[in-house]
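So in this note's numbering, the last spot in the sequence shown is 456, and the numbers never skip. Every residue gets a Cβ at the ideal spot worked out from N, C-alpha and C, and that includes glycine.
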Amino acid sequence: MKLFGTAGIRGPINEKVTVDLALKVGKSLGTYIRDGKVTVARDARTSSIMLENAIISGLLSTGIEVISLGLIPTPALAWGTKQFGDAGIMITASHNPPTDNGIKVFNEEGIEFYLEQEEELERIIFSGEYKRAAWDEIKKVRRRDIIDEYIGAVLDFVNHETSLKVLLDEANGAGSVVAPYLLREMGAKVITINAHLDGYFPGRKPEPRYENIAYLGKLVRELGVDLAIAQDGDADRIAVFDEKGNYVDEDTLIALFAKLYVEEHGGGTVVTSINTGSRIDKVVEEGGGKVYRVPLGQPHDGIKRYNAIFAAEPWKLIHPKFGLWIDSFVTMGLLIKLIDENGKPLSELVKGIPTYYLIKENVKCPEEYKKAVLDIAQHELQKALMDEIKEVLTISGFRFNLSDGSWVLVRPSGTEPKIRVVVEGVTEKRKEQLFKLAYRVVSKAVERLKQNEQA
Ligand code: MG
2 MKLFGTAGIR GPINEKVTVD LALKVGKSLG TYIRDGKVTV ARDARTSSIM
52 LENAIISGLL STGIEVISLG LIPTPALAWG TKQFGDAGIM ITASHNPPTD
102 NGIKVFNEEG IEFYLEQEEE LERIIFSGEY KRAAWDEIKK VRRRDIIDEY
152 IGAVLDFVNH ETSLKVLLDE ANGAGSVVAP YLLREMGAKV ITINAHLDGY
202 FPGRKPEPRY ENIAYLGKLV RELGVDLAIA QDGDADRIAV FDEKGNYVDE
252 DTLIALFAKL YVEEHGGGTV VTSINTGSRI DKVVEEGGGK VYRVPLGQPH
302 DGIKRYNAIF AAEPWKLIHP KFGLWIDSFV TMGLLIKLID ENGKPLSELV
352 KGIPTYYLIK ENVKCPEEYK KAVLDIAQHE LQKALMDEIK EVLTISGFRF
402 NLSDGSWVLV RPSGTEPKIR VVVEGVTEKR KEQLFKLAYR VVSKAVERLK
452 QNEQA
């Protein structure tokens, strides 16, 4: 059995994610790093304290000193780990429903543990061979409130004062303790909704995808704000609406920042994931830079390998000069700075980014068929698109970049029994045509495998 998925350990509380497992993760991490300090923090979920206590107990049993950072957003934990820790643990299920929770482990740079490191933790857990500290080797739990220090670090980095009016929707999550205060200190007029901590997520679903936050468009117009920002449960993600109440889609947000960084540096490399759009490539290439795509959940490898000046997955932006973790607070600060310095409303800035047409759908597929389905689909689509394929990327599934700028991505979900089909067309018609083809090929492959098994 695998414990870690693409986003650490995550699942239903007291089913997959239990106190027993949390205890083992604590013991395993302590065994792995042998000695030193580990920062521990949690989000606002009802089950987070329960898991936190188990993890701290596990760490202490191996002789690790624990720096307990309390209820803070994930980017603050990552920052705190780089400042004070030899490793860090965040207790959160990010944007999952309130019935779930999870555990994410970070290294001393504030980067989520690499695959090999997670496998090592798993190996220790399955072996059951943990380090045991003698009674006089057991260390302390030091409680530390880092919120003001973290906000100060973001303020220093962003280095900007504003008078913009901002609507913040914190999903009743951990961002509530940072975002309103950060923006207030920048000088912004802040209006909040869903900004009291509540593990039931009473305001809205914690995933800031458009369907869950569409109401913000109307609110933006009614309140006359310059932009609206929505976060997920642990506040590493950010979603944005412009002053007209239009949702700034995730690829456009990435492209805005990619453009900014490339222009600032007169080129440079940008790292993004396999599922983002070619508008990013377009603006980066125009600015004299280069885009590299890496598997989901592994932007940090890419940053180091390609010496990237900026990296992002949808909704998750990394500013390497500040830190190698996803930092929504730096993102919101810099976005405000970008608007002010251009002297243009956000809707105008967005117009500078080309628009393409994206569609994402899932095909249900049992775990054991995933590999075969991907093989069949790649073969069939390669045949069908033969002359148009410009580039083939085979990192987590496959992606065909086509000569007209459209692309097709078919990849296995890392967390669910699904195959994801993503298509971006340079025109609406092209999108429809390519999507129909790709969806049919994948669905047929799943059907065929099911029938073969029954026969
Ligand atoms: Mg998150």
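By the three-class DSSP mapping on this structure, what secondary structure does residue i have?
i, result
"F158", "helix"
"L359", "strand"
"E119", "helix"
"V221", "helix"
"T7", "strand"
"T40", "strand"
"P413", "strand"
"S168", "The residue you asked about is not Ser; residue 168 is Leu in the sequence shown. Note: L168 maps to strand in three-state DSSP."
"D149", "helix"
"V1", "There is no way to answer for residue 1, as the model of the chain reaches only from 2 to 456."
"I65", "coil"
"G31", "helix"
"E454", "helix"
"K25", "helix"
"N15", "coil"
"N54", "helix"
"Y307", "helix"
"K190", "strand"
"V1", "Residue 1 is absent from the structure shown; the chain starts at 2 and stops at 456."
"E287", "helix"
"E138", "helix"
"L297", "coil"
"A446", "helix"
"K317", "strand"
"F460", "Past the boundaries of the shown model lies residue 460; the chain is included only from 2 to 456, so the question cannot be answered."
"A312", "strand"
"R143", "strand"
"L438", "helix"
"L459", "Since the first residue of the chain shown is 2 and the last is 456, residue 459 is not available in this structure."
"L198", "coil"
Measuring straight from C-alpha to C-alpha, what distance separates residue i and residue j?
i, j, result
"P346", "V241", "13 Å"
"R43", "S49", "6 Å"
"S329", "A172", "14 Å"
"W80", "A456", "55 Å"
"R11", "N213", "21 Å"
"K305", "V295", "12 Å"
"K338", "L382", "44 Å"
"S414", "P99", "21 Å"
"A389", "S279", "With the sequence shown as reference, residue 389 is identified as Glu, and Ala is not the correct amino acid for it. E389 and S279: Cα-Cα distance of roughly 16 Å."
"V178", "P207", "16 Å"
"R46", "L122", "24 Å"
"F5", "V427", "37 Å"
"P76", "M187", "18 Å"
"Y262", "D302", "19 Å"
"T265", "D252", "Position check: residue 265 holds Glu in this sequence, whereas Thr was assumed. Rounded to whole angstroms, E265 to D252 spans 20 Å at the Cα level."
"E16", "I148", "32 Å"
"V281", "V292", "A small correction: the amino acid at residue 281 is Ile; Val does not occupy that position in the sequence shown. Cα to Cα, the separation comes out at about 8 Å."
"R144", "L78", "13 Å"
"I396", "S164", "44 Å"
"C366", "L184", "44 Å"
"G37", "T82", "12 Å"
"V393", "L435", "16 Å"
"M333", "I327", "12 Å"
"E368", "R441", "19 Å"
"E349", "V272", "25 Å"
"V20", "I14", "9 Å"
"G267", "G59", "49 Å"
"A378", "T93", "35 Å"
"H96", "G9", "13 Å"
"V41", "N453", "49 Å"
"P418", "H380", "21 Å"
Check the Cβ-Cβ distances between residue i and every residue of chain B, and say whether any is below 8 Å.
i, result
"E212", "Among the chains of the structure shown, chain B does not appear; only one protein chain is present."
Following a CB-centred definition, is residue i positioned closer than 7 Å to any heavy atom of the ligand COA?
i, result
"R143", "In the structure on display, the ligand COA does not appear, and the ligands it does have are the ligand MG."
How do the stretch 85-92 and the stretch 109-116 stand: do at least 3 beta-carbon pairs fall below 8 Å, yes or no? yes
Sequence ranges, beta strand (DSSP E) only - wholly within the stretch 333-393, length at least 3: 358-365
Return the chain-ordered ranges of every beta strand (DSSP E) run that is complete within the stretch 214-283 and spans a minimum of 3 residues. You should have 228-232, 239-242 and 269-274.
Does the stretch 228-237 touch the stretch 253-260, meaning 3 or more C-beta pairs lie closer than 8 Å? no
Count Cβ pairs between the stretch 215-226 and the stretch 53-67 that sit closer than 8 Å; are there 3 or more? no
Mind the definition here: the stretch 16-35 touches the stretch 159-171 only if three or more C-beta pairs lie below 8 Å; say whether that holds. Counting Cβ pairs under 8 Å, fewer than three are found: no touch.
Which full runs of the beta strand (DSSP E) of 3+ residues lie inside the stretch 72-117, going along the chain? 88-92 and 101-108
Does the stretch 353-364 come into contact with the stretch 187-203, if we say contact requires no fewer than three beta-carbon pairs (one atom in each stretch) closer than 8 Å? no
Check whether the stretch 127-145 and the stretch 318-327 are in contact - that is, three or more C-beta pairs closer than 8 Å. At 8 Å Cβ cutoff, the stretches do not touch.
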